[in-house]
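Heads up: the sequence shown is residues 6 to 400, going by my numbering.
Idealized CB from N, CA, C, for every residue including glycine.
Just so we're clear, the structure is a prediction, and the values are computed from it rather than from any experiment.
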Amino acid sequence: MLALEMVRSVPKTMLSKAAGGRIPMLLTGLAAPLRMVTLDPPRVERPGWARLRVRLSGICGSDLGMLSGKTSLYFSAVVSLPFVPGHEVVAELLEDCDDLPAGTRVVVDPVLACAARGVEPCQACARGESNRCSRITVGDVSPGLQTGFCHDTGGGWSEQLVAHRSQLHPVPEGLSDEQALLAEPVACAVHTALRAAIRPGDRVLVSGAGAVGLLATLALRELTDAGEILIVAKHAHQRELARDFGATEVVGPDEVLRRVRRATGAFQLQPEYGAPYLLGGVDVAIDAVGSPGSLETCLHATRAGGRVVLSGMPAKADLSAASLRELEVVGTYASAHRDDAFETALRLVGHDAVARMSKTIATYPLHRWREALDHAHSAGRLGTVKVAFDPRRQS
Ligand SMILES: [Zn+2]
6 MLALEMVRSV PKTMLSKAAG GRIPMLLTGL AAPLRMVTLD PPRVERPGWA RLRVRLSGIC
66 GSDLGMLSGK TSLYFSAVVS LPFVPGHEVV AELLEDCDDL PAGTRVVVDP VLACAARGVE
126 PCQACARGES NRCSRITVGD VSPGLQTGFC HDTGGGWSEQ LVAHRSQLHP VPEGLSDEQA
186 LLAEPVACAV HTALRAAIRP GDRVLVSGAG AVGLLATLAL RELTDAGEIL IVAKHAHQRE
246 LARDFGATEV VGPDEVLRRV RRATGAFQLQ PEYGAPYLLG GVDVAIDAVG SPGSLETCLH
306 ATRAGGRVVL SGMPAKADLS AASLRELEVV GTYASAHRDD AFETALRLVG HDAVARMSKT
366 IATYPLHRWR EALDHAHSAG RLGTVKVAFD PRRQS
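Structure representation (structure tokens):
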């Protein structure tokens with residue numbers, strides 16, 4: 006079968022030396038850590054595992070971070086090289102999988118927790134917190150926090166992969182493949198909304214209006230009693246979409262503090278060096294970008310005792326505001342079995358705004374991976390929210 010394979014990790018230092026900090030070159034140039042190969046389809050001969058044929062597999066910000074060397078080396082211990090990326094997957098079963106017959110169309114919860122690994126549940130898994138599993142390096146398959154980072158399972162950027170029954174959610178009839186493809190990112194957004202622990206009327210700032218920010222906004226609006234939701238959007242098409250997803254107000258990156266100050270009656274301070282910050286501000290801020298600038302905005306625009314939720318890729322930041330203003334900085338990762346996030350997500354992808362978004366997904370055959378990654382990297386600027394591979398396509 007054809008597959009795209011990640012062959013080595015790319016340390017940050019190599020990025021700056023090789024490409025002068027320009028990401029697209031390393032993503033797709035001669036030094037790219039990805040290559041197209043012909044592989045034997047993966048197999049895991051253990052109970053509950055089955056082979057799947059990929060219909061669509063998305064390109065996520067975390068994939069781009071990994072391919073461009075932006076990802077922290079922290080992750081290098083929880084992947085197994087070489088691996089086939091792709092953790093946003095719509096596929097069909099090539100064989101029966103427990104109660105699911107061959108041919109069933111499914112989406113994959115990528116987390117490879119105790120159930121999939123065939124080991125006794127760790128404390129987190131016993132509580133249904135599969136995304137907090139502490140056994141992600143042991144058991145029936147090689148280390149890998151998720152499908153798409155694990156050598157043995159394969160990933161979505163190929164014609165086939167294997168998955169465990171505990172990872173599979175049948176797609177209801179009536180949903181398109183494109184809508185189903187958004188179930189994984191929506192499940193993450195559902196988890197983010199839960200981690201935000203919104204109280205009725207809370208004022209929320211969402212920094213970033215790519216897929217992560219828009220879907221987090223939708224989940225906040227649909228699943229919580231949030232009051233005003235201000236979203237930071239850089240590009241024109243994001244500004245148009247944001248209101249459909251439930252944002253009350255859309256602000257540009259340069260006007261966030263001023264708009265939050267006005268909305269909340271906060272005071273703005275200007276330190277001797279560095280960025281201004283507020284005394285007062287929103288109750289909860291969600292960083293849906295994961296850049297140092299976005300995280301700083303969240304830390305600086307949140308009231309004392311408020312919460313900052315990390316929903317993008319991890320970024321470095323000056324944590325003075327978190328200390329001085331007693332902020333609760335909360336991580337989010339994937340979604341938990343306990344919360345039925347995929348069931349909720351498969352319902353939310355029927356929402357008008359998500360259905361419309363699904364119709365704008367740009368798809369590529371595997372062999373045009375360089376174009377696909379360049380497109381995904383420039384998606385915000387080009388007016389695209391999601392780029393995906395369709396391994397069934399030949400051209
Ligand atoms: Zn576990």
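Stretch-stretch touch, CB-based, cutoff 8 Å, three pairs: the segment 34-48 with the segment 175-191: Segments in contact, no.
A121 Cβ short of 6 Å to ligand 1 heavy atom set: No, the Cβ of A121 stays beyond 6 Å of every heavy atom of ligand 1.
Residues bridged to L7 (per DSSP): Answer is T43, bridged to L7.
6 Å Cβ shell around E50 - same chain, five flanking residues per side excluded: For E50, where only same-chain residues beyond five positions count, there are no Cβ hits under 6 Å.
Closest by C-alpha distance to L105, when choosing among V143, V287 and P175: That would be P175, whose Cα lies nearest to the Cα of L105.
Range covered by the beta strand (DSSP E) that runs through V256: Membership of V256 in the beta strand (DSSP E) is indicated by the continuous run E254 to V256.
CA nearest to the CA of L86, picked from K75, G388, R200 and T152: L86 has its Cα closest to that of T152, out of K75, G388, R200 and T152.
C155: CB within 6 Å of a non-hydrogen atom of ligand 1: For ligand 1, not one heavy atom lies less than 6 Å from the Cβ of C155.
Segment limits, alpha helix (DSSP H) that includes D379: Element bounds for D379: W374 to H382.
Nearest to H372 (by Cα), restricted to the options E164, E134 and V83: With distances taken between Cα atoms, H372 lies closest to E164.
The beta strand (DSSP E) enclosing Q165, as first and last residue numbers: That run of the beta strand (DSSP E) goes Q165 to H169.
Touching by the beta-carbon criterion (3+ pairs, under 8 Å), the segment 219-239 and the segment 285-305: Verdict: yes, contact present.
Y338 versus H196 - alpha carbon distance: The straight-line gap from Cα to Cα measures roughly 8 Å.
Chain-order list of residues whose beta-carbon lies under 7 Å from that of E100 (same chain, five-residue window excluded): Spatial neighbours of E100 in its own chain (CB-CB distance under 7 Å, excluding positions within 5 residues in sequence) are listed in chain order as A55, R56 and A107.
Lining residues of ligand 1 - beta-carbon closer than 7 Å to any non-hydrogen atom, in sequence order: The set, ordered by position in the chain, is A118, C119, P126, C127, A129, C130, S135, C138, S139 and R140.
Best match in L300, D145 and R110 for proximity to R122 [C-alpha to C-alpha]: That would be D145, whose Cα lies nearest to the Cα of R122.
Cβ contact (3+ pairs, closer than 8 Å) linking the segment 271-283 and the segment 239-257: The segment 271-283, when compared against the segment 239-257, does not touch it at the 8 Å Cβ threshold.
Same chain, Cβ closer than 6 Å to V334, neighbours up to 5 away in sequence not counted: So the list reads V313 and A327, once near-sequence residues are dropped.
Exposure of D68, with buried meaning 16 or more beta-carbon neighbours within 10 Å: D68 should be labelled buried.
Integer-rounded CB distance, given that A118 should sit under 8 Å from C102: Between the beta-carbon of C102 and that of A118 there is about 17 Å, and that puts the pair past the 8 Å contact cut.
Segments of 3+ residues assigned as beta strand (DSSP E) that fall wholly inside the segment 58-135: Runs of the beta strand (DSSP E) inside the segment 58-135: 94-98 and 110-113.
Rounded Cβ spacing between G317 and S340 (contact assumed at less than 8 Å): Incorrect: roughly 16 Å between the Cβ atoms, too far for contact.
Cβ contact (3+ pairs, closer than 8 Å) linking the segment 70-87 and the segment 176-183: Output reads no: the segment 176-183 does not touch the segment 70-87.
4-residue-minimum alpha helix (DSSP H) runs that sit fully inside the segment 171-235, ordered along the chain: Counting only runs of at least 4 residues, the segment 171-235 fully encloses the following alpha helix (DSSP H) elements, listed from N- to C-terminal order: 182-186, 188-200 and 216-228.
Among N136, G66, R343 and S171, nearest to P52 - alpha-carbon criterion: Comparing Cα-Cα distances from P52 to each of N136, G66, R343 and S171, the minimum goes to S171.
CB of V94 within 7 Å of CB of S62, strictly: Cβ distance < 7 Å, so V94 and S62 count as in contact.
Endpoints, the beta strand (DSSP E) within which G310 is located: Annotation for G310: the continuous beta strand (DSSP E) segment containing it runs T307 to L315.
Where Y282 falls, given that 16 or more other Cβ within 10 Å makes a residue buried: Y282 comes out buried.
First through last residue of the beta strand (DSSP E) which encompasses V359: Element bounds for V359: not the beta strand (DSSP E) but the alpha helix (DSSP H), D357 to S363.
Nearest neighbour of A185, chosen from H156, R375 and F347 [CA to CA]: Of the listed residues, the one whose Cα sits closest to A185 is F347.
Separation of V265 from P396, as counted between CA atoms: Going by the C-alpha atoms only, they are around 45 Å apart.
Separation of A131 from R386, as counted between CA atoms: Annotation: R386 to A131 spans about 43 Å, alpha carbon to alpha carbon.
Whole-number beta carbon distance between P90 and G160, since they are thought to touch under 8 Å: Yes, G160 and P90 are in contact; Cβ-Cβ is about 5 Å, under 8 Å.
DSSP-derived helix/strand/coil call for D259: Helix, per DSSP.
Nearest to R226 (by Cα), restricted to the options V209, L98 and K239: A check of alpha carbon separations from R226 across V209, L98 and K239 identifies V209 as the nearest.
Buried or exposed (CB count within 10 angstroms, at least 16 for buried), L324: L324 is exposed by the Cβ-count criterion.
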